[in-house]
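Engineer: Residue 870 is where the sequence shown starts when you use my numbering, and the numbers rise one by one after that.
A single structure is presented below for examination.
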Amino acid sequence: MITRDDMITRFGEREIANLTDHGSGRVVDEDVLQRAIDDAIAEAGSYLAAAGYRDLAEPVPRVLALKVCDLARSHPHQDGDIEIVDKRYKAAIDWLKSLVKEPRLLGLDAAAPADNAADTQYAVIGNEPEGWHATHH
870 MITRDDMITR FGEREIANLT DHGSGRVVDE DVLQRAIDDA IAEAGSYLAA
920 AGYRDLAEPV PRVLALKVCD LARSHPHQDG DIEIVDKRYK AAIDWLKSLV
970 KEPRLLGLDA AAPADNAADT QYAVIGNEPE GWHATHH
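What follows is the structure, encoded as structure tokens:
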């Protein structure tokens, strides 16, 4: 869905190094970055599944890649001024929640969500109380 290169292109190597190298902030810690990417993909994946998307074909829609990069950026953040990171994270989550309600936001065809009772019509018929027929016929 996103790669290390997507993160570097979007935010710059200096910022990614600051995010991932908790010691000196000088070099990109590949393990920390990959863990953040994996976490962001898993988080976005749960929303995509809820929206009916099972398998996304390559290339991933740009809007989705941007949102997943914002999620990944927030994961390795330590203490400090992260207001803009926090805002972008929340905006990405809000967009993903909107995607669940309106899968067409992604611009792809979503499969019908499996076993989604809200998408079907059911009638609920209550049980008759015992003795009802005897007293009301």
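A virtual CB, placed ideally from N, CA and C, is assigned to each residue, including glycine.
Predicted, not measured: the structure shown is a model, and the values here were computed from it.
Determine whether the beta carbon atoms of A920 and V969 lie at a separation below 8 Å.
Structural biologist: Against the sequence shown, residue 920 aligns to sequence position 51. Against the sequence shown, residue 969 aligns to sequence position 100. Yes; because the gap between Cβ atoms is below 8 Å, this pair is in contact.
Engineer: Indicate the three-state DSSP secondary structure (helix, strand or coil) for V954 in the structure shown.
Structural biologist: Within the sequence shown, numbered from 1, the residue matching residue 954 stands at position 85. The answer is helix: DSSP assigns V954 an H, G or I state.
Engineer: How many angstroms separate the CA atom of I906 from the CA atom of R873?
Structural biologist: Here residue 906 corresponds to residue number 37 of the sequence shown, with the count starting at 1. Here residue 873 corresponds to residue number 4 of the sequence shown, with the count starting at 1. Their Cα atoms are separated by approximately 8 Å.
Engineer: Tell me which residues share the same chain as V897 and place their Cβ nearer than 6 Å to its Cβ, disregarding the 5 neighbours each side in the sequence.
Structural biologist: As a position in the sequence shown, residue 897 is number 28, starting the count at 1. I885, A886 and T889.
Engineer: Assuming contact is defined by CB atoms lying nearer than 8 Å, are V929 and M870 in contact in what I supplied?
Structural biologist: Here residue 929 refers to the residue found at position 60 when the sequence shown is read from its first residue. Here residue 870 refers to the residue found at position 1 when the sequence shown is read from its first residue. Taking 8 Å as the Cβ cut-off, V929 and M870 qualify as a contacting pair.
Engineer: List the endpoints of the continuous alpha helix (DSSP H) containing V932.
Structural biologist: On the sequence shown, position 63 is the one that residue 932 refers to. Run containing V932: R931 to S943, per the alpha helix (DSSP H) assignment.
Engineer: Given that a residue counts as buried once 16 or more other Cβ atoms are within 10 Å of its Cβ, and exposed if not, what is H944?
Structural biologist: Within the sequence shown, the letter at position 75 stands for residue 944. The residue in question, H944, is buried, as its Cβ has 16 or more Cβ neighbours within 10 Å.
Engineer: Going by beta carbon distance, what residues of the same chain come within less than 7 Å of D875, once the five residues before and after it are set aside?
Structural biologist: As a first step, residue 875 is located in the sequence shown; it is residue number 6 there, counting from the start. The residues are A934 and C938.
Engineer: Which of the three DSSP states, helix, strand or coil, is assigned to Y916?
Structural biologist: Start at 1 with the first residue of the sequence shown, and residue 916 comes out as number 47. The answer is helix: DSSP assigns Y916 an H, G or I state.
Engineer: Would you check if the distance between the CB atom of A961 and the CB atom of L974 is smaller than 8 Å?
Structural biologist: The residue labelled residue 961 in the question sits at position 92 within the sequence shown. The residue labelled residue 974 in the question sits at position 105 within the sequence shown. No, they are not a contact pair.
Engineer: How many angstroms separate the CA atom of N996 from the CA atom of A926?
Structural biologist: Stepping through the sequence shown from its first residue, residue 996 is reached at position 127. Stepping through the sequence shown from its first residue, residue 926 is reached at position 57. Because the pLDDT at N996 is just 47, under 50, the model does not fix this residue reliably, and the value given afterwards should be weighed accordingly. Their backbone Cα atoms lie some 48 Å apart in a straight line.
Engineer: Are the CB atoms of Y922 and P972 nearer to each other than 8 Å?
Structural biologist: Here residue 922 is taken as the residue at index 53 of the sequence shown, counted from 1. Here residue 972 is taken as the residue at index 103 of the sequence shown, counted from 1. Yes, the Cβ-Cβ distance between Y922 and P972 is below 8 Å.
Engineer: Roughly how many angstroms lie between the CA atoms of T878 and L965, to the nearest whole one?
Structural biologist: Stepping through the sequence shown from its first residue, residue 878 is reached at position 9. Stepping through the sequence shown from its first residue, residue 965 is reached at position 96. Spanning the two alpha carbons is a distance of roughly 22 Å.
Engineer: So for E927, helix, strand or coil by DSSP?
Structural biologist: Here the question's residue 927 lines up with position 58 in the sequence shown. The answer is coil: DSSP assigns E927 none of H, G, I, E or B.
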